[in-house]
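Those letters in the sequence shown? Residues -19 to 259, by the numbering used here.
Every residue gets a Cβ at the ideal spot worked out from N, C-alpha and C, and that includes glycine.
Here is the structure we will look at.
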Amino acid sequence: MLHEFAYHRPASLEEALGFLKEKGSAATVFAGGTDLFVNIRAGVAKPGTVVDLKGIPALRTLSWDDREGLSIGACVTVNELLQHPETSRYYPVLHAAGEELATYQLRNRATVVGNIVTASPCGDFGSPLLTLSGEVVLLSADGERRVPLRDFITGVKKTIIKPEEIVARVIVPVTWAGAAGGYEKLKRIKGHDLGVVSVAMIRHNGAIRCAVSSAAPTPVLLPDMPASSPVKEVQDKAQEMISPIDDVRCTREYRAFMVNVFIERLMKHLESARQEASA
Ligand SMILES: Cc1cc2nc3c(=O)[nH]c(=O)nc-3n(C[C@H](O)[C@H](O)[C@H](O)COP(=O)(O)OP(=O)(O)OC[C@H]3O[C@@H](n4cnc5c(N)ncnc54)[C@H](O)[C@@H]3O)c2cc1C
């Protein structure tokens, strides 16, 4: 039988944060619900009250400015991000990863923030946001804190978020705005599917940044390397840093192999894009 829970839909941030402070871990917030309700149905999540954030206008904001960068509110859906002109103009890696997440219908509900808070090793936004130095803005009734994404996700489906906190938004700073980028994702089927392994890469000012998902408990960010580095050097660095496992979807060896394939493919793609742009 489905676990029973109460439903609460606050109309403002103040109301939501006050409610969370009072209820603590008995309350669980959600936006799209595409992870949370699957978990409730599976018996993995058993919240006392689910708190629907979609009635809070302040969390729906998606904006760009050339000082802060891109600000993605908690209730911004993946399709809203994909339709936002500055996302594809300044952060093509983010756009490419968003297009790989599930189906059009699901992307109408699923949010970027929900994806990050779920912290699944195969989540599609972890690695691109790592390459772009994404930051997470956490809010509670006691105030705000801003944490780099690399410190926010700490393990498989684990983050530093406290029960009384919400993620208000994710910020993608201007540092890497305009960087050419690409995202490669291995799936078991041609249609939509969770990633078996995926690689995000950006190239900017003669440097490349690469991050790998589904090959360790958390997405792995490689150190910045010169864009002129031999492919093998980048592949060797990735292999040194990942720790893929065998599971029902893939072997450890195949994951490691595909990381190398994707690194080579992305480096070639970004180099030819550079040559075309300068021709
Ligand atoms: C059929 C199907 C296919 C899928 N395919 C993919 C795929 O290809 N790639 C992929 O990466 N994912 C996939 N997913 C997983 C899911 O759709 C994504 O992770 C999605 O981005 C989650 O967003 P959401 O808004 O629905 O999250 P929700 O379910 O609303 O929330 C997810 C988690 O985050 C917490 N949370 C949400 N918002 C906040 C907030 N503002 N502050 C604090 N905590 C918060 C919730 O409590 C919950 O624990 C799939 C899911 C389904 C059902």
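Checklist line | Closest residue to Trp44 among Gly158, Glu80, Glu145, Ser107 (Cα-Cα distance) | finding: Within the sequence shown, numbered from 1, the residue matching residue 44 stands at position 64. It is Gly158.
Notebook entry, point to check: Rounded to a whole number of angstroms, what is the C-alpha to C-alpha distance between Gly4 and Gly12?
Noted result: Residue mapping note: residue 4 aligns to position 24 of the sequence shown, counting from 1. Residue mapping note: residue 12 aligns to position 32 of the sequence shown, counting from 1. For Gly4 and Gly12, the distance between alpha carbons rounds to 21 angstroms.
Check: Residue ranges of each beta strand (DSSP E) run of no fewer than 3 residues wholly in the segment 127 to 186, ordered along the chain?
Finding: 133 to 135, 146 to 152, 160 to 166, 177 to 184
Item checked: Residue closest to Arg47, alpha-carbon to alpha-carbon, out of Ile151, Asp104, Asp173 -> Taking the sequence shown and counting its residues from 1, the one referred to as residue 47 is at position 67. Out of Ile151, Asp104, Asp173, Ile151 has the C-alpha closest to the C-alpha of Arg47.
Check: With a CB to CB cut of under 6 angstroms and the five nearest residues on each side skipped, what residues in its chain are close to Ala160?
Finding: As a first step, residue 160 is located in the sequence shown; it is residue number 180 there, counting from the start. Hits under 6 angstroms: Arg183, Leu250, Ala253.
Notebook entry, point to check: Under 8 angstroms between the Cβ atoms of Leu246 and Val200?
Noted result: Within the sequence shown, numbered from 1, the residue matching residue 246 stands at position 266. Within the sequence shown, numbered from 1, the residue matching residue 200 stands at position 220. The answer is no: Cβ separation not under 8 angstroms.
Next item on the list: Could you please give the first and the last residue of the uninterrupted alpha helix (DSSP H) stretch that includes Val92?
Entry: Against the sequence shown, residue 92 aligns to sequence position 112. Here the alpha helix (DSSP H) through Val92 covers 92 to 98.
Next item on the list: Using DSSP bridges, identify the partner residues of Ala191.
Entry: Here residue 191 refers to the residue found at position 211 of the sequence shown. In the DSSP output, where bridge partners are listed per residue, Ala191 has Ala180, Leu201.
Next item on the list: Taking all protein chains shown into account, decide if Glu260 is buried (16 or more other Cβ within 10 angstroms of its Cβ) or exposed.
Entry: There is no way to answer for residue 260, as the model of the chain reaches only from -19 to 259.
Item checked: Distance, Pro27 Cα to Pro197 Cα -> Translated into the one-based positions of the sequence shown, residue 197 becomes position 217. Translated into the one-based positions of the sequence shown, residue 27 becomes position 47. If you take the alpha carbons of Pro197 and Pro27, they lie about 25 angstroms apart.
Check: Is any heavy atom in ligand 1 found nearer than 7 angstroms to the beta carbon of His172?
Finding: The residue given as residue 172 occupies position 192 in the sequence shown. His172 Cβ: within cutoff of ligand 1.
Note to self: I need the DSSP call for Tyr70, collapsed to helix, strand or coil.
What the structure shows: Against the sequence shown, residue 70 aligns to sequence position 90. In this structure, Tyr70 counts as helix in the three-state DSSP scheme.
Checklist line | Top-ranked residue by Cα proximity to Ser223, from Phe242, Met205, Ser193, Val214 | finding: In the sequence shown, the residue the question calls residue 223 occupies position 243. Ser223 has its Cα closest to that of Ser193, out of Phe242, Met205, Ser193, Val214.
Note to self: Between which two residues does the beta strand (DSSP E) holding Thr8 run?
What the structure shows: Counted from its first residue, the sequence shown places residue 8 at position 28. 7 to 10 is the extent of the beta strand (DSSP E) around Thr8.
Next item on the list: Grab me the residues of Pro206's own chain with a C-beta within less than 7 angstroms of its C-beta, minus the 5 sequence neighbours each way, in chain order.
Entry: Taking the sequence shown and counting its residues from 1, the one referred to as residue 206 is at position 226. Within the same chain, Pro206 has close Cβ partners Gly186, Ala187.
Note to self: Shorter than 7 angstroms, the distance from the beta carbon of Leu15 to the closest heavy atom of ligand 1, or not?
What the structure shows: Here residue 15 refers to the residue found at position 35 when the sequence shown is read from its first residue. What sits at residue 15 in the sequence shown is Asp, not Leu. Yes, ligand 1 has a heavy atom inside 7 angstroms of this Cβ.
Note to self: Does the beta-carbon of Ile141, which I'm using as the reference point, lie nearer than 7 angstroms to any heavy atom of ligand 1?
What the structure shows: Counted from its first residue, the sequence shown places residue 141 at position 161. Yes; taking the cut-off as 7 angstroms, the Cβ of Ile141 has a heavy atom of ligand 1 nearer than that.
Next item on the list: Identify the continuous beta strand (DSSP E) that holds Glu115 and give its terminal residues.
Entry: Position 135 of the sequence shown, counted from the first residue, corresponds to residue 115. First-last of the beta strand (DSSP E) with Glu115: 115 to 120.
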